[in-house]
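Participant:
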Amino acid sequence: GSTIDHGLVLFFPGPGSFTGEDVAELQVHGSRAVAAKILETITGFEGVRHAEPGEFTRRAFLNGRLDLVETEALADLVNAET
Numbered sequence: 489g490s491t492i493d494h495g496l497v498l499f500f501p502g503p504g505s506f507t508g509e510d511v512a513e514l515q516v517h518g519s520r521a522v523a524a525k526i527l528e529t530i531t532g533f534e535g536v537r538h539a540e541p542g543e544f545t546r547r548a549f550l551n552g553r554l555d556l557v558e559t560e561a562l563a564d565l566v567n568a569e570t
């Protein structure tokens, strides 16, 4: 293929990551077209998919990285209007 964009990949090894699992984070430019093309390309690889809403928090809770109070507080923060 051809170059889509230049960006940065950050790798957070488990168990020191938010979820307690190995996590890769992509930082790319703000264009929706670029982000969509990158997501389309990387989800073509076996084992790569979009995360579901709340999935990282759920994984952190299930892996003992957050307790129930912290998980509920994070949900309140995300859903706050101000």
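Each residue of the sequence shown is one higher than the one before, counting from 489 in my numbering.
Glycine included, each C-beta is placed from N, C-alpha and C at the ideal position.
(1) Applying the criterion that 16 or more other CB atoms from any shown protein chain within 10 Å of the CB defines a buried residue, is F549 buried or exposed?
(2) Hey, which unbroken runs of the beta strand (DSSP E) at 3 residues or more fall wholly within the stretch 518 to 563?
(3) According to DSSP, simplified to helix, strand and coil, what is V516?
(4) Would you call S505 buried or exposed, if buried means 16 or more other Cβ atoms sit within 10 Å of its Cβ?
(5) Would you kindly check if the distance between the Cβ of I492 and the Cβ of V511 is under 8 Å?
(6) If I measure Cβ to Cβ from A561 and keep anything under 7 Å in the same chain, skipping five residues before and after, which residues do I get?
Facilitator: The structure says:
(1) buried
(2) none
(3) coil
(4) buried
(5) no
(6) none
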